[in-house]
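Enquirer: Sharing a structure here in structure tokens format.
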Amino acid sequence: MTLLDPAPTASHPVALAAPTGVRRLLAAGGPDPDAHRATFGARPRPTPDRLIAEAEVAGLTGRGGAGFPVHRKLRAAAEAGGGTNRRTGAGPGAGTPVVIGNGSEGEPLSAKDRLLLRTAPQLVLDGLLLAAEAIGAGEIRLVADAELHAGLRTALAAHDEGARIQLAAARGDFVGGEASAVVSALEGRRPVPRDHAIRLTGSGYRRRPTLLQNVETLAHLALIARFGGAWFRSIGGAAADPADDAGAGSPIDAGTRLVTASAPGTALTVLEVAGGTRLGTVLAAARLDDAGVRASGLGAGVRAVLVGGYHGAWVPAAALDAPFSVAGLAPWGATPGAGILHVLPHGRCGLRVAAGITRMLAAESAGQCGPCVNGLPRIAGLLERVARGERDPGLTDEIARVGELVAGRGACHHPDGTLRLVASTLREFASDIAAHRAGTCEEEGR
Ligand code: SF4
289 MTLLDPAPTA SHPVALAAPT GVRRLLAAGG PDPDAHRATF GARPRPTPDR
339 LIAEAEVAGL TGRGGAGFPV HRKLRAAAEA GGGTNRRTGA GPGAGTPVVI
389 GNGSEGEPLS AKDRLLLRTA PQLVLDGLLL AAEAIGAGEI RLVADAELHA
439 GLRTALAAHD EGARIQLAAA RGDFVGGEAS AVVSALEGRR PVPRDHAIRL
489 TGSGYRRRPT LLQNVETLAH LALIARFGGA WFRSIGGAAA DPADDAGAGS
539 PIDAGTRLVT ASAPGTALTV LEVAGGTRLG TVLAAARLDD AGVRASGLGA
589 GVRAVLVGGY HGAWVPAAAL DAPFSVAGLA PWGATPGAGI LHVLPHGRCG
639 LRVAAGITRM LAAESAGQCG PCVNGLPRIA GLLERVARGE RDPGLTDEIA
689 RVGELVAGRG ACHHPDGTLR LVASTLREFA SDIAAHRAGT CEEEGR
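If you read the sequence shown in our numbering, its first letter stands for residue 289, the second for the next number, and so on.
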């Protein structure tokens, strides 16, 4: 039974049973709209207040990395569109909201958004339209990798309301997927982040109230509109770990999330898991737990896991018993982020892997903030020297010193995200740093 008020069509009754397992998004029958409606029913048309209320009950948080409560962004964009824009002074009408589905996936360790746009585009389109109606948007954009555009154009043409949505190409680079950089690119300006003190919900695309949501978030919203917030939180979050629950609408990792799991040299595996599932259980499903790593010849078990991607944090193997949730990962300074797990097997040098990632991140700076432009390459160079085994004990102190000069001083979160990775590297691989100074390394061949 559905909780909201869908609009049935003659051929597609909407009162379908809600998915009962953890395969919710991945239950989609494929990109074909008939398969989509046969699985999920027709798109419902809740009132804006009703949709926002259900999103709050669900405790849905953004799946792009920041994990912000979705109902708060919806409400802020709706209110900004209905009143005076406080920053620009523009009144109602001049600030007709815009909604943007963000499928930019510049994170090298993530493949979930591309998979979703390939296998369940109709669900994403439904979520975009629902979000647009909730905030009174006059313009709807979907940003995705150019390689997906042929399939998405087909999906848009097949969707009843696809003509309302404009498709745009993602930049494909790491920083270009940042929310304000996506907005800048859509405006035809250089695709670099803006001052993150300015909230897009108040003044985004062409200074209009702008709701930008990750495509997985929108797909979840489409299911919440059909089956309700209570259904969404019936697994994951509080259902998995009652101690994680701070009440309806709290960010509790409710529902399911898509996870991309990998190890050095492996393909990226995308799974759908309940929020709060043990880290080790998620890795076992991807055959990247101790047994899986050994069986595939990757190494002698799990040494550490990079959680949250290149802007994430390393956690030790001891964290495999922790829930994959905000609260569960907090002791290690990590968060689920965009749902990324990258396993470092025993026998691989974590310092070398981290130095390579840090060098790549330094090269990804958008080049507009001095501390980022100068500081990140300096830190990357220092970490490379540690990874090479230079015996200067001052290298790590210098990394910490430069880090303090960079922290909090970028226009976007790129420097701080990079510093999080580096700090966790120095913490989790402290014994490796000592070993390198002594001339040994866990990785063979050194
Ligand atoms: S902090 Fe770095 S990545 Fe972010 S806008 Fe400034 S230069 Fe670009």
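The beta-carbon is built from N, C-alpha and C at its ideal position, and this holds for glycine as well.
All values reported here derive from a predicted model rather than from experimental measurement.
By DSSP, does Pro659 sit in helix, in strand, or in coil?
Expert: Helix.
Enquirer: Looking at ligand 1, does it come within less than 7 Å of Val661, judged from the CB to the closest heavy atom?
Expert: yes
Enquirer: Ala422 by DSSP, collapsed to three states: which one?
Expert: Of the three classes helix, strand and coil, the one that applies to Ala422 here is helix, per DSSP.
Enquirer: Between Ile423 and the rest of its own chain, which residues show a CB-CB distance below 8 Å, the 5 nearest in sequence each way excluded?
Expert: Pro336, Leu362, Ala365, Ala366, Gly369, Pro385, Val387, Pro497, Leu499
Enquirer: Taking only heavy atoms of ligand 1 into account, decide whether any of them is closer than 7 Å to the Cβ of Thr702.
Expert: According to the sequence displayed, residue 702 carries His and not Thr. At least one heavy atom of ligand 1 is nearer than 7 Å to the Cβ of His702, so yes.
Enquirer: Can you find the residues in the same chain that come closer than 6 Å, C-beta to C-beta, to Val690, ignoring five residues on each side of it along the sequence?
Expert: Gly663, Arg666, Ile667
Enquirer: Quick one, are the C-beta atoms of Leu559 and Ala574 less than 8 Å apart?
Expert: yes
Enquirer: Count the C-beta pairs between the stretch 339-351 and the stretch 428-442 that are closer than 8 Å, then say yes if the count reaches three, no if not.
Expert: no
Enquirer: Between the alpha carbons of Pro301 and Met648, how many angstroms are there, rounded?
Expert: Residue placement at Pro301 is poorly supported in this model, since its pLDDT is 43, which falls under 50; the coordinates still yield a value, given next. Near 50 Å, if we compare the C-alpha coordinates of Met648 and Pro301.
Enquirer: Could you tell me the alpha carbon to alpha carbon distance between Gly480 and Ala330, rounded to whole angstroms?
Expert: In the sequence on display, residue 480 carries Val and not Gly. Rounded to whole angstroms, Val480 to Ala330 spans 38 Å at the Cα level.
Enquirer: Looking only at its chain, what residues have a beta carbon closer than 6 Å to the beta carbon of Ala305, apart from the 5 residues adjacent to it on each side?
Expert: So no residue of the chain qualifies.
Enquirer: Going by beta carbon distance, what residues of the same chain come within less than 6 Å of Arg441, once the five residues before and after it are set aside?
Expert: none
Enquirer: Which first and last residues belong to the beta strand (DSSP E) in which Ser550 is found?
Expert: 544-550
Enquirer: Just to confirm, is the Cβ distance from Leu556 to Leu397 under 8 Å?
Expert: yes
Enquirer: Report the partner residues of His630 according to the DSSP bridge assignment.
Expert: Ser550, Leu594
Enquirer: Over the uninterrupted beta strand (DSSP E) stretch that includes Val431, give me the two end residues.
Expert: 427-432
Enquirer: Are there any heavy atoms of ligand 1 lying less than 7 Å away from the beta-carbon of Gly490, as far as the coordinates show?
Expert: no
Enquirer: Pull up the CB-CB distance for Ala777 and Val641, whole angstroms please, since I reckon it's below 8 Å.
Expert: In the structure as shown, the chain starts at 289 and stops at 734, and residue 777 therefore has no counterpart that could be examined.
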